[in-house]
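Numbering (our numbering), first residue to last: 1313 to 1550.
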Amino acid sequence: MTTPDDDVYDTWARAELTAWREAVLKPPSALQAAAKGLQNRITNLIPEKVHLAVSKVIEQMTRGILVGSDFVTPPPRTGLSLAEREALVRKAIEGYRNVATVEGGVAGAGGFLLAAADFPALIAIKIKLLFEIAALYGHDGAAWRERLYILSIFQLAFSSPDHRREVYARMSADAWPATAEDFDWRRFQQEYRDYIDLAKLAQLLPVVGAPIGAIVNFRLLEQLGTTAMNAYRLRWFA
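Given below as structure tokens:
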């Protein structure tokens, strides 16, 4: 049974969802389009066998995290209002964001090897957060289709504007990939790599690497949390 306060919260959440949807569907700016064009030209210079190798590594690493999540995936929460769920979601985002911020600062202060190690560690933190958020909204992360929804949220948060609109269209139409074989792992790694390249490269700079690493990870987790909340609102209000 809903209360008046729940109705007020739901109205507010719908308004936030509408504003977020407009931002997601907004066409790329001239600067974004130019940057993406430059990244595409650089990507085209990289040999095909390198693309295949990187895609395979990202796929294996991400699959490993998804499968390993069997041991830590919380059960779906039931019987809660949207307001109650999202209060818990915000606490989860804050906790994972703090971990990622510390990890990014340590990696940035540790030179090239630690900064390179931050890449898979950060993916693991992000995906674990998404599993927890899924459960808080009442979804079962043990189901593979839910795991692919989680990867779709990941793409929605860290992709170019054009690809973001494609991913959103599939998610809003309940047509995200049904199996791991249907998932475009190469596009997944390319979009993610292009999205965070400049920020993570700055983490390698001496002296400023630590604060940059902390700030970048803080903002990436904030962005992921906002994206996840609105992606699950799509299904809640549907």
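Where is the CB? At the ideal position from N, CA and C, for every residue including glycine.
A quick note: this is a predicted structure, and the numbers were derived from the prediction, not measured.
Span of the alpha helix (DSSP H), counted from its first residue to its last, around residue i
i: Leu1392; result: Unbroken run through Leu1392: none, as it is neither H nor E.
i: Thr1330; result: Pro1316 to Leu1337
Residue burial classification, residue i (beta-carbon count within 10 angstroms, cutoff 16)
i: Trp1324; result: exposed
i: Arg1476; result: buried
i: Asn1410; result: exposed
i: Ala1331; result: exposed
i: Asp1452; result: exposed
i: Phe1549; result: exposed
i: Phe1424; result: At Phe1424, the pLDDT of 45 sits below 50, so the modelled position is not reliable; the number obtained from the coordinates is stated separately. That one is exposed.
i: Leu1337; result: exposed
Which listed residue (the options) has its alpha carbon closest to that of residue i
i: Pro1473; options: Glu1493, Tyr1504 and Phe1443; result: Tyr1504
i: Tyr1321; options: Ile1508, Glu1458 and Ser1393; result: Ser1393
i: Glu1444; options: Glu1406, Thr1413, Arg1333 and Ala1342; result: Glu1406
i: Glu1398; options: Ala1487, Arg1499, Ser1341 and Gly1450; result: Gly1450
i: Glu1458; options: Ser1484, Ala1490, Gly1391 and Glu1328; result: Ala1490
i: Leu1434; options: Ala1447, Asp1496 and Glu1415; result: Glu1415
i: Ser1471; options: Ala1487, Gln1501 and Thr1330; result: Gln1501
i: Ile1508; options: Gly1453, Pro1388, Glu1371 and Phe1466; result: Phe1466
i: Leu1546; options: Ala1492, Asp1486, Phe1495 and Phe1530; result: Asp1486
i: Lys1438; options: Trp1456, Arg1353 and Ser1464; result: Ser1464
i: Val1404; options: Ile1377, Tyr1544 and Leu1533; result: According to the sequence provided, residue 1404 is Ala. The question's Val does not apply to it. Of the candidates Ile1377, Tyr1544 and Leu1533, the one whose C-alpha sits nearest the C-alpha of Ala1404 is Leu1533.
i: Glu1493; options: Val1479, Trp1456, Ser1484 and Ile1527; result: Trp1456
Assumed close pair residue i, residue j - CB separation to whole angstroms, cut-off 8 Å
i: Leu1468; j: Thr1539; result: 5 Å
i: Leu1400; j: Leu1448; result: 5 Å
Residue i at chain D interface by Cβ criterion, 8 Å
i: Ala1454; result: No chain D is part of this structure, which consists of one protein chain only.
Those runs of the beta strand (DSSP E) which lie wholly inside the segment 1456 to 1540 and span at least 3 residues: none
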